[in-house]
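As structure tokens, the structure follows; a few thoughts come after it.
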Amino acid sequence: MRFLGLLVGGLLCAEPSAFELQSGATKQELSTLKSSNKNLGDILTALKGQTNGLLQGQEGLRSLVEGQGIRLKKATDALNAHSDELKALKSTQDAQADLIKQQADLIHTLKTQIQTNQDALANFEKKNQETQQLLENMRADFAKKLQDLQQSIERQANANNKKLKELVALQAQMLQAKQEPSFHKDPAQKETIEKEAHTLFKEKHYKEAQARFVWLASLPYKSAYTNYMAGEAAYFNNAYQGAVNAFKKSAMLDDKAAYMPTLLYHTAIAFKHLKDHTNYKKFLQTLSRLYPESEQGKKAKNLLGQKPKKTLK
Numbered sequence: 001m002r003f004l005g006l007l008v009g010g011l012l013c014a015e016p017s018a019f020e021l022q023s024g025a026t027k028q029e030l031s032t033l034k035s036s037n038k039n040l041g042d043i044l045t046a047l048k049g050q051t052n053g054l055l056q057g058q059e060g061l062r063s064l065v066e067g068q069g070i071r072l073k074k075a076t077d078a079l080n081a082h083s084d085e086l087k088a089l090k091s092t093q094d095a096q097a098d099l100i101k102q103q104a105d106l107i108h109t110l111k112t113q114i115q116t117n118q119d120a121l122a123n124f125e126k127k128n129q130e131t132q133q134l135l136e137n138m139r140a141d142f143a144k145k146l147q148d149l150q151q152s153i154e155r156q157a158n159a160n161n162k163k164l165k166e167l168v169a170l171q172a173q174m175l176q177a178k179q180e181p182s183f184h185k186d187p188a189q190k191e192t193i194e195k196e197a198h199t200l201f202k203e204k205h206y207k208e209a210q211a212r213f214v215w216l217a218s219l220p221y222k223s224a225y226t227n228y229m230a231g232e233a234a235y236f237n238n239a240y241q242g243a244v245n246a247f248k249k250s251a252m253l254d255d256k257a258a259y260m261p262t263l264l265y266h267t268a269i270a271f272k273h274l275k276d277h278t279n280y281k282k283f284l285q286t287l288s289r290l291y292p293e294s295e296q297g298k299k300a301k302n303l304l305g306q307k308p309k310k311t312l313k
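When the count follows my numbering, it moves up by one through the sequence shown with no breaks and lands on 313 for the last residue.
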């Protein structure tokens with residue numbers, strides 16, 4: 001615009017004044033002046049067109065600048081948004097860093113606690129092992145003392161049982177002595193007393209007969225035989241232990257006597273009643289081997305081959 005003003009001002013200065021025209025200007029000059037004015041008009045028109053073009057260019061440039069400004073604002077807003085996001089991300093990272101630090105501290109605390117617990121457990125296990133060893137020693141000591149006590153009790157019980165058996169035997173002897181049938185024990189009358197004993201035996205007064213046979217054997221008088229008869233009287237009186245004892249004395253004095261098969265057979269049956277099955281079987285075997293043809297030997301052989309259905313006398 002400044003350039004246009006200067007140009008118009010120059011042209012106006014070149015135009016002749018009225019005084020100059022009145023003072024004798026020619027037609028040619030006037031024509032030249034008109035031509036110059038026309039050229040100047042054209043130039044002015046051209047300049048106006050250029051000015052309008054410049055103005056339009058300026059308007060386009062302003063629109064471009066405004067567009068660039070809008071894009072720049074958007075870019076700035078985007079940068080600001082990114083900046084806010086970065087700040088938020090940094091805050092999140094800081095929070096996560098704090099959380100990680102807290103977790104690391106917690107892990108360290110837990111490790112410390114675990115180590116403490118492990119130390120305490122190791123100490124407990126050590127004390128527990130010591131306690132277990134102490135208990136084991138106490139159990140072993142108690143077991144030994146208990147075993148010693150049991151053995152002592154068993155020894156004492158055996159001793160007491162032995163004494164009790166002795167007392168029972170003594171009481172039995174005393175009771176038997178009190179209950180023994182009384183008779184006149186005169187050695188000079190031993191033959192007569194033997195006859196009485198046989199008579200009592202036949203009449204099944206076994207207790208009275210046994211007492212006389214025992215006394216006769218103690219004199220001694222026909223000791224092998226009178227002991228045998230004492231055993232027979234005891235046997236039929238169901239006094240099986242006394243029968244076995246008397247039979248044993250008789251056999252030791254004479255094992256070739258004619259009554260030996262009966263003695264062995266009644267001894268075996270007496271052992272059966274006493275529930276001594278070993279001696280019962282042994283005496284039957286001895287009887288069947290030594291006297292196989294005797295009545296008692298045949299009975300023994302049958303008993304060895306089968307179980308008896310009833311008690312035999």
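Every residue, glycine too, gets a C-beta built ideally from N, C-alpha and C.
Computed from a prediction, not measured in an experiment: that's the story for all the values here.
{"Asked": "Residue burial classification, phenylalanine 247 (beta-carbon count within 10 angstroms, cutoff 16)", "Found": "buried"}
{"Asked": "The segment 183-203 in contact with the segment 152-161 per 3-pair CB rule at 8 Å", "Found": "no"}
{"Asked": "Exposed unless 16 or more other CB atoms sit within 10 angstroms - verdict on glycine 242", "Found": "buried"}
{"Asked": "Same chain, Cβ closer than 6 Å to asparagine 279, five either side skipped, listed in chain order", "Found": "Phe271"}
{"Asked": "Buried or exposed (CB count within 10 angstroms, at least 16 for buried), phenylalanine 283", "Found": "buried"}
{"Asked": "Sub-8 Å separation of asparagine 227 and glutamine 210 beta-carbons", "Found": "no"}
{"Asked": "Three-state secondary structure (DSSP) of asparagine 237", "Found": "coil"}
{"Asked": "C-beta contact flag for leucine 253 and glutamine 296 at 8 Å", "Found": "no"}
{"Asked": "For tyrosine 221 and lysine 190, believed in contact at Cβ under 8 Å, the rounded distance", "Found": "5 Å"}
{"Asked": "Bounding residues of the alpha helix (DSSP H) (the contiguous stretch that carries phenylalanine 183)", "Found": "Unbroken run through phenylalanine 183: none, as it is neither H nor E."}
{"Asked": "Nearest residue (CA-CA) to phenylalanine 213, options Ala230, Leu219, Leu33, Lys202", "Found": "Ala230"}
{"Asked": "Entirely enclosed alpha helix (DSSP H) segments - the segment 222-277, minimum 4 residues", "Found": "223-236, 240-253, 260-273"}
{"Asked": "Buried or exposed by the 16-neighbour rule on C-beta atoms within 10 Å, applied to glutamate 232", "Found": "buried"}
{"Asked": "Among Tyr235, Lys204, Thr192, Glu203, nearest to tryptophan 215 - alpha-carbon criterion", "Found": "Thr192"}
{"Asked": "Rounded separation between aspartate 141 and threonine 131 - CA only", "Found": "15 Å"}
{"Asked": "For serine 288 and leucine 304, believed in contact at Cβ under 8 Å, the rounded distance", "Found": "6 Å"}
{"Asked": "Span separating the alpha-carbon of threonine 51 from that of aspartate 84", "Found": "48 Å"}
{"Asked": "Inter-residue Cα distance where the pair is leucine 79 and leucine 86", "Found": "10 Å"}
{"Asked": "Length-filtered (4 minimum) alpha helix (DSSP H) runs lying within the segment 273-302", "Found": "277-290"}
{"Asked": "Lysine 204, enclosing alpha helix (DSSP H) - first and last residue", "Found": "No alpha helix (DSSP H) contains lysine 204, which DSSP labels as neither H nor E."}
{"Asked": "Where valine 244 falls, given that 16 or more other Cβ within 10 Å makes a residue buried", "Found": "buried"}
{"Asked": "Separation of tyrosine 259 from alanine 197, as counted between CA atoms", "Found": "18 Å"}
{"Asked": "Leucine 200 burial status per 10 Å Cβ neighbour count (16 or more: buried)", "Found": "buried"}
{"Asked": "With 16 other Cβ atoms within 10 Å as the buried cut-off, status of arginine 108", "Found": "Strictly speaking, residue 108 in this sequence is histidine, with arginine absent from that position. Exposed: under 16 other Cβ atoms inside 10 Å."}
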